[in-house]
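Novice: Let me begin by handing over the structure; questions about it come next.
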Amino acid sequence: MILFSLILIPLLFAALLALAPAAQARSLAFLGMLTSSAAAVLAMLRFDWNNGAVFANEKTFPWLGELGIQLSVGADSVSMLMIALTALLGPICVVASRTAVTERHRTFFGWLLVLQAAMYGVFIARDLILFYICFEFTLVPMFVLINVFGSTNRKHASVKFFLYTFTGSVIALAGLVYVAKFNAELPVSATRESLAAMMQAGGTPAPGPGVWTFDIETLGRAARRMSSTEQAWVLLALMVGFAVKVPLFPVHTWLPLAHTEAPTAGSVILAGVLLKLGTYGIFRFAIPFVPAAFAEYAPLIAQLCIVGILYGGLICWVQTDVKKLVAYSSVAHLGFCVLGLAATNATGLSGSILYMINHGLSTGALFLCIGMVYERYHTRSMKELGGLAAKMPVWSTFMIFFTMASVGLPGLNGFVSEFMCLLAAFQASSAWGSSTTMVEGAMDAGLWGSAGASTVGATHGGLGPWYAAIAGIGMIVAAMYLLLMVGRVVWGPLVEPHGHGGHGGHGGHGGHGGHGHDAHGAAAGDHHDDHADAHGPLPADLTAREIGVLAPLAILCVVLGVYPKPLLATLEGPVNQTVQLIDSARSMGLQLEAPAHTTSPAQGGAPTQGLAQ
Amino acid sequence: MTHGTLSLLAQTGFPASMAQATLAHYVVVSLLMFVIGLIGFLTRRNLIIMFLCTELMFQAAGIALVAFGRFHLDYTGQTFVIFVLTVAAAEASMALALIVLLFRRKESLSAEDWQELKG
Amino acid sequence: MIERLAYLWPEIALFIATCVVMVMGLSRTYATRKATATIAALGTFSAAVLSFLTTPDGGEIEAVSGQLYLASMVPYAKTLIGAVATLLLLTMAGTVDRAEEADIAKGVRSFDPLRSNRAEFYAFFLFSITGLMLCADADDLIWLFLALELTSLPTYIMVAMSTARNRGREAGVKYFFLGAMGAAVFLYGFALIYGAVGSTNLNEIAVAFATGGISSLGMLGVLLSILGICFKIAAVPMHFYTPDVYEGAAPQVSGFLAFVPKTAGFLSILLICGAVGWNYVIPPDGVSPLATVMPSAEGTQLPEVLRLTLWVIAALTMTVGNVLALLQTSVKRMLAYSSIAHSGYMLVGVIVGPGIAADSFSGNGVAAVLFYLLSYGVMNAGVFAVLAALERAPGRDGEPREIETISDLKGLCRSHPMLGWPMVICCLSLLGLPPLLGFFGKLPLFTAAIRAGEIPLVLVLGVNSAIAACYYLKLAFAPLTEVADDADGDPIVAAPFRTRAAAAVISAACVIGLALGGNLLMQGARSAASYTEADAIKSRVPQANAAPVDRNVAAH
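These protein sequence lines are chains A, B and C, in that order. Heads up: the first sequence runs through residues 177 to 789, numbered per the working numbering. Heads up: the second sequence runs through residues 290 to 408, numbered per the working numbering. Heads up: the third sequence runs through residues 9 to 564, numbered per the working numbering.
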């Protein structure tokens, strides 16, 4: 029941909030977030971390049995980690929005709570339709947050965000329903008489082959029995849906726009959790459902990732908007994350999941930092900001710290996961498999522990050192520019927008009119003024509240950078299970389809081209 | 004429000699009436004419029904026609009422004069 | 024939209500006149209850007469018709005689029965609903024709009298003329079917088609019938009237048009398609067929010509409706085009038919159509109820005007939360966003089509859902996220009819509530779409080598 309460608590508080006066909205929202986070902590305390692959708290209630839909929840260690990330970022977003959101409090905090519930729902769903419902429903709150509280171009950004993701997930739904159809047409395991008796009694038969159900476990087992053509098409459908959410290269265009326009809390949630819904979806559905097809097309996916990494890195060079820059670096980072998945070995999968957490922490924190500057200067343009170290030493420290974490400085969290993804891509080739032992040896030397150890020996992925090399270069490009940006904004000569010189970072807003921060900038300024009367102006450097927001993230960055072993240990279960699925699918494919190997590219031609478009 | 059309007519006994009227003759007449009505409805703009065209289509169906009823030696067709006539009468009264309503406003019977709604 | 009465109690109740309403609406006492709406609502509500309680289900009627075709559909369809009609009736308050009654209340003039339209309006409403219910239990082409006409004829007049302005009259005339043309087309189709088979009884037609094959004459008849009925459901070749008529009529009447003729059309299409195709093999052991029983490939689908025609109509209808809806700024025109698109979605279910997994809701296209009709009826009533409940305050000409553009809806959640939120919820549901009713309406269409292997059609459906998202998004979020710009014209106020807002709120509550607890309704839809033994006769006939139908039987 505790997992259900994760969905119910935020919804309950959102309902309360709708009825409460607007002045209470923020505190009520904070209370709601804290309560749900407490429930999440309770769930984590009861979770058996040594058996990460076992779904804890698995509960099922009947819902729409006619359609095979059940209220079924459960969490393994991957889900638990994602829940932990969500539970951490939720309250932080409420606190961080204290001064940033100045009007329509109930709208903002109410939808933030709804969003939190939907995100929990995605991670705990054990029924496909329940998953899909939560996956889709994240769109509405996020749409409202961007559309109402975003900056100048918010309407366009929100609509683009909604339509891209909605279209993608409708196609993914078609793929998922196809799997359900396949399952329903399998021979029934139970006797027909008993099934017929159950149907006549009005009950719904237990999920299994031959029964119309959306139970994830059952469908996964069924899907793996599909023919390779079917698997390829299902993979295509699923990848369209999840690639938009991640976002992978050709369908990423909504992300920078949405990030730039979203309010700070929206950006944090978007980068921290929402993007992970895509990678989580790939890990949870695309790989276990159609492992053979995924292994077959992994190189293609990896190529898309690499294009995305290079593209994201290069495009960073022409950005002057700090937030947009971080957004594009996110495209590159998520490319890494999926690259790890596409490596289809244990190192890659654990690295990728770790990457989801780490990216959520460091990029979320970067967006928070940028939001804090934006609140003071109402600009995010690098031309108008510079040398802030003199004015805001504390902020500058945090900014540099999180940038380092993001670009993967050894000792901080980004490094571990990035290295693992790269390494996995490097290893994932049959030709080079033997020559990776040196690196394996280094891994076994004990820094990251057992997850790496299990990969010694055969890794069959279609990737290779070239993938790793190019991806590494792309990452360096992005990292260079991220560092350059920080260098310019933090050090160098002090540059401030007009009207901010001299006094404490909060002054006449009349000055922005000419800086491309036209109508909305001015409007935000006005609200800010109203607000300043109530709370006093923001000081030049960070307040205690803002430090309190950033500090936990910073601590976690260090902890996960230095000692990621417990996480990797608990991920071992689910990751190894998934790798086994891939390996067995691959070996079966080698046995069965060896003669057909020449025809398989032609069969797969259509889907792959579709994916590339 | 395509094969489909020919076989369609053949089903009704066409071609037949003119000496006796067969089912085919009735069906062809009714088809012609129906098509003429349809074309008239789509091309004419006078409301009364348009209404008469729909009446023509209704009566075409009536002729077909009676002819088929006779062919099948079955009274259902004729029963159907009685109902069709009743409904056609109801539609006629309604059409005239609506046309009078419009005529009072604009003194015109042309559909072109009523373009307040685009499309 | 007396057994058929068992089916007609709801219609009888409606007819009694109609008679009472016609008399009461002419009373000189205001209270009596005012009670007409209540009586009418009682009529539809009791019809819904009676349908639920008294209509025998398929098994029983087989015992009684063995005749009625797709019999198990009847109680479900009629209950849903009665329920949605009650909802629609709530939106109708004050549609006619508003200025009249105001004058009478002010004492400007006394009541004049010749000038009052109230009695006729409610009577026409009830007549139309009666016709719709009769469509559901039609088993004969004559019956079906009369029921369709009884459904449509009153709607022409309702459109014309719904607003005092010329637009309404023009819309009424346009609707009538095209409607008469459509009626002539399906009537001619019925005549050809009769010619090919020699019977108007749907059961006999089904048996004849199953035993003797479908002649080209019969197929032409079927195609013409479906083409003519396309007018009722506003599907592609016959959809041109929709935006104009919806725009010209008062919003509550447009909402009525989007549900009542459409439902009548779909019930008829189901009946006709069931007579032509979907032959269905009952496994020899008599156990209800599970998915594992693969019937022979032939006979589980419609004849190829018909299937192809419907396929094209469905794909075009969805696409045309959605694409043109994108271009609209007028709310009612947008909803009109979207109503075209929704017909396209439902046609997918018709194409699939009961499918090979007919006893499960997820595989049965007919059940999906029936459930979608219910969910569309509820969402649609909610949206139009909101439009009906809003108006621009009377300006210089002293008459309140209805709202037209999407920007009129801006900021509605703040100014009128009880109207704004239903608008948001119903629009998101029309968009098919989970977990609202619209999603659970569309999902079975999706699953049924995929189970039947209609993957290309599913993709068309999916892409269209995405296109639909573009304009529904505008409509759904204008009340929620935008801020009202009160620059132009008179302020937008709530119309002084509480029941319209109540209808909106009830619809929104149903959209959420039925989604969360819709299992029973889905069960109902499934058993409504399941074949009875009587329906299965035709699939047995070929094996049993039954004698051809005795043509003289029907005549006696």
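A virtual CB, placed ideally from N, CA and C, is assigned to each residue, including glycine.
Which of the three DSSP states, helix, strand or coil, is assigned to residue 567 of chain A?
Specialist: For the purposes of this step, residue 567 of chain A is identified with residue 391 of the first sequence, where counting begins at 1. DSSP places residue 567 of chain A in coil when its eight states are reduced to three.
Novice: Is the number of C-beta pairs between the segment 271-284 of chain C and the segment 143-153 of chain C that are closer than 8 Å three or more?
Specialist: Verdict: yes, contact present.
Novice: Let's test the definition: count the other Cβ atoms within 10 Å of the Cβ of residue 353 of chain C and tell me whether it reaches 16, buried, or not, exposed.
Specialist: On the third sequence, position 345 is the one that residue 353 of chain C refers to. It is buried - the Cβ of residue 353 of chain C has at least 16 other Cβ atoms within 10 Å.
Novice: Cα-Cα, which of C:210, C:176 and C:350 is closest to residue 475 of chain C?
Specialist: One-based indexing of the third sequence puts residue 475 of chain C at position 467. Nearest C-alpha to residue 475 of chain C: C:350.
Novice: So with CB distances below 8 Å, who are the chain B contacts of residue 348 of chain C?
Specialist: For this step, residue 348 of chain C is matched to residue 340 along the third sequence. Going along chain B, no residue has its Cβ under 8 Å from residue 348 of chain C, so there is no contact; the nearest lies around 13 Å.
Novice: Rounded to the nearest angstrom, what separates residue 52 of chain C and residue 462 of chain C at their Cα positions?
Specialist: For the purposes of this step, residue 52 of chain C is identified with residue 44 of the third sequence, where counting begins at 1. For the purposes of this step, residue 462 of chain C is identified with residue 454 of the third sequence, where counting begins at 1. Straight-line Cα distance between these residues: approximately 38 Å.
Novice: Less than 8 Å between CB atoms is the rule here; does residue 479 of chain C satisfy it with respect to chain B?
Specialist: To locate residue 479 of chain C, count along the third sequence from 1; it is residue 471. Not an interface residue.
Novice: Is the CB of residue 308 of chain A under 8 Å away from at least one CB in chain C?
Specialist: For the purposes of this step, residue 308 of chain A is taken as the residue at position 132 of the first sequence. Chain C, which has a Cβ nearer than 8 Å to the Cβ of residue 308 of chain A, makes this yes.
Novice: Is it the case that the Cβ atoms of residue 206 of chain A and residue 267 of chain A are separated by a distance below 8 Å?
Specialist: Position 30 of the first sequence, counted from the first residue, corresponds to residue 206 of chain A. Position 91 of the first sequence, counted from the first residue, corresponds to residue 267 of chain A. Their beta carbons are under 8 Å apart, which means residue 206 of chain A touches residue 267 of chain A by this criterion.
Novice: Flag residue 388 of chain A as yes if its beta-carbon sits less than 8 Å from any beta-carbon of chain C, otherwise no.
Specialist: In the first sequence, the residue the question calls residue 388 of chain A occupies position 212. Yes, because at least one Cβ of chain C sits closer than 8 Å to the Cβ of residue 388 of chain A.
Novice: Cβ closer than 8 Å: which chain A residues qualify as neighbours of residue 443 of chain C?
Specialist: Against the third sequence, residue 443 of chain C aligns to sequence position 435. Simply 309 and 313.
Novice: Counting only beta-carbon atoms, is residue 50 of chain C nearer than 8 Å to chain B?
Specialist: Counting from 1 along the third sequence, the entry for residue 50 of chain C is found at position 42. False, the Cβ-Cβ gap to chain B never drops below 8 Å.
Novice: So is residue 466 of chain C in contact with chain A if we call contact Cβ pairs under 8 Å?
Specialist: Taking the first residue of the third sequence as position 1, residue 466 of chain C is located at position 458. For residue 466 of chain C, the answer is yes, since a Cβ of chain A falls inside 8 Å of its Cβ.
Novice: Taking only the alpha-carbon atoms, compute the straight-line gap between residue 556 of chain A and residue 212 of chain A and give it to the nearest angstrom.
Specialist: Walking along the first sequence from the start, residue 556 of chain A turns up at place 380. Walking along the first sequence from the start, residue 212 of chain A turns up at place 36. Near 33 Å, if we compare the C-alpha coordinates of residue 212 of chain A and residue 556 of chain A.
Novice: Is the beta carbon of residue 261 of chain C sitting closer than 8 Å to the one on residue 314 of chain C?
Specialist: Within the third sequence, the letter at position 253 stands for residue 261 of chain C. Within the third sequence, the letter at position 306 stands for residue 314 of chain C. In this structure, residue 314 of chain C does not lie closer than 8 Å to residue 261 of chain C by Cβ.
Novice: Which class does residue 459 of chain C belong to by DSSP, given the choice of helix, strand or coil?
Specialist: For the purposes of this step, residue 459 of chain C is identified with residue 451 of the third sequence, where counting begins at 1. Reduced to three states, the DSSP call for residue 459 of chain C is helix.
Novice: With DSSP collapsed to three states, give me the class of residue 425 of chain A.
Specialist: Translated into the one-based positions of the first sequence, residue 425 of chain A becomes position 249. Of the three classes helix, strand and coil, the one that applies to residue 425 of chain A here is helix, per DSSP.
Novice: Whose CA, out of C:455, C:253, C:243 and C:197, lies closest to the CA of residue 185 of chain C?
Specialist: The sequence position of residue 185 of chain C within the third sequence is 177, counting from 1. For the residues C:455, C:253, C:243 and C:197, the minimum Cα distance to residue 185 of chain C belongs to C:253.
Novice: When the Cα of residue 471 of chain A is compared with those of A:498, A:509, A:426 and A:525, which residue comes out closest?
Specialist: Translated into positions along the first sequence, residue 471 of chain A becomes position 295. Cα-wise, what sits closest to residue 471 of chain A is A:525.
Novice: Assuming residue 343 of chain C and residue 391 of chain C make a contact with CB atoms under 8 Å, what is their CB distance in whole Å?
Specialist: Here residue 343 of chain C is taken as the residue at index 335 of the third sequence, counted from 1. Here residue 391 of chain C is taken as the residue at index 383 of the third sequence, counted from 1. Going by Cβ atoms, the distance from residue 343 of chain C to residue 391 of chain C rounds to 6 Å, so yes, they are a contact pair.
Novice: How about residue 485 of chain A and residue 647 of chain A: do their beta carbons lie closer than 8 Å?
Specialist: Residue mapping note: residue 485 of chain A aligns to position 309 of the first sequence, counting from 1. Residue mapping note: residue 647 of chain A aligns to position 471 of the first sequence, counting from 1. In this structure, residue 647 of chain A lies closer than 8 Å to residue 485 of chain A by Cβ.
Novice: Quick one: which chain C residues come within Cβ less than 8 Å of residue 350 of chain B?
Specialist: Here residue 350 of chain B refers to the residue found at position 61 when the second sequence is read from its first residue. The answer, in chain order, is 192, 195, 196, 198 and 199.
Novice: For chain A, find out if any of its Cβ atoms is closer than 8 Å to the Cβ of residue 543 of chain C; answer yes or no.
Specialist: Here residue 543 of chain C is taken as the residue at index 535 of the third sequence, counted from 1. The predicted position of residue 543 of chain C is uncertain, since its pLDDT is 47 and thus under 50; no value can be drawn from it.
Novice: Return yes when the Cβ of residue 391 of chain B is within less than 8 Å of the Cβ of residue 173 of chain C, no when it is not.
Specialist: In the third sequence, residue 173 of chain C corresponds to position 165, counting from 1. In the second sequence, residue 391 of chain B corresponds to position 102, counting from 1. For residue 173 of chain C and residue 391 of chain B, no; Cβs fall outside 8 Å.
Novice: Taking 8 Å as the threshold (C-beta atoms), are residue 86 of chain C and residue 18 of chain C in contact?
Specialist: The residue given as residue 18 of chain C occupies position 10 in the third sequence. The residue given as residue 86 of chain C occupies position 78 in the third sequence. In contact: residue 18 of chain C and residue 86 of chain C (Cβ atoms closer than 8 Å).
Novice: Residues of chain B with a CB under 8 Å from the CB of residue 225 of chain C: which are they?
Specialist: Taking the third sequence and counting its residues from 1, one reaches residue 225 of chain C at position 217. 297, 300 and 301, listed in chain order.
Novice: Considering only the alpha carbon of each residue, which of C:409, C:113 and C:497 lies closest to residue 37 of chain C?
Specialist: Residue 37 of chain C sits at position 29 when you count from the first residue of the third sequence. For residue 37 of chain C, the nearest C-alpha among the options comes from C:113.
Novice: Contact defined as beta carbons within less than 8 Å: I believe residue 529 of chain A pairs with residue 459 of chain A. What is the distance between those atoms, to the nearest angstrom?
Specialist: Reading the first sequence from its first residue, position 353 is the one you call residue 529 of chain A. Reading the first sequence from its first residue, position 283 is the one you call residue 459 of chain A. About 7 Å separates the two Cβ atoms, so the contact holds.
Novice: In the DSSP assignment, the beta strand (DSSP E) including residue 400 of chain C goes from what residue to what residue?
Specialist: Along the third sequence, read from residue 1 onward, the residue named residue 400 of chain C stands at position 392. Taken as a continuous stretch (DSSP letters only), the beta strand (DSSP E) holding residue 400 of chain C covers 398-400.
Novice: Answer yes or no: does any C-beta atom of chain A fall closer than 8 Å to that of residue 336 of chain C?
Specialist: Numbered from 1 along the third sequence, position 328 holds the residue referred to as residue 336 of chain C. Answer no: the Cβ-Cβ gap between residue 336 of chain C and chain A never drops below 8 Å.
Novice: Given that residue 165 of chain C touches chain B, what residues does it touch there, using C-beta distances under 9 Å?
Specialist: Working through the third sequence from its first residue, we reach residue 165 of chain C at position 157. Correct list: 383, 386 and 387.
Novice: Determine which residues share a DSSP beta bridge with residue 671 of chain A and list them.
Specialist: For the purposes of this step, residue 671 of chain A is taken as the residue at position 495 of the first sequence. Beta-bridge pairing links residue 671 of chain A to A:562.
Novice: Can you list, in chain order, the residues of the segment 77-95 of chain C whose Cβ is nearer than 9 Å to any Cβ on chain A?
Specialist: Listed in sequence order: no entries.
Novice: Between residue 452 of chain C and chain A, is any beta-carbon pair separated by less than 8 Å?
Specialist: Position 444 of the third sequence, counted from the first residue, corresponds to residue 452 of chain C. Closer than 8 Å: yes.
Novice: How should residue 388 of chain A be labelled, buried or exposed, when 16 other C-beta atoms within 10 angstroms of its C-beta is the threshold for buried?
Specialist: Position 212 of the first sequence, counting from 1, holds the residue named residue 388 of chain A. Classification of residue 388 of chain A: buried, given that the 10 Å Cβ count is 16 or more.
Novice: Buried or exposed for residue 27 of chain C, please, with buried defined as at least 16 other CB atoms from any protein chain shown within 10 angstroms of its CB.
Specialist: In the third sequence, the residue the question calls residue 27 of chain C occupies position 19. Result: exposed.
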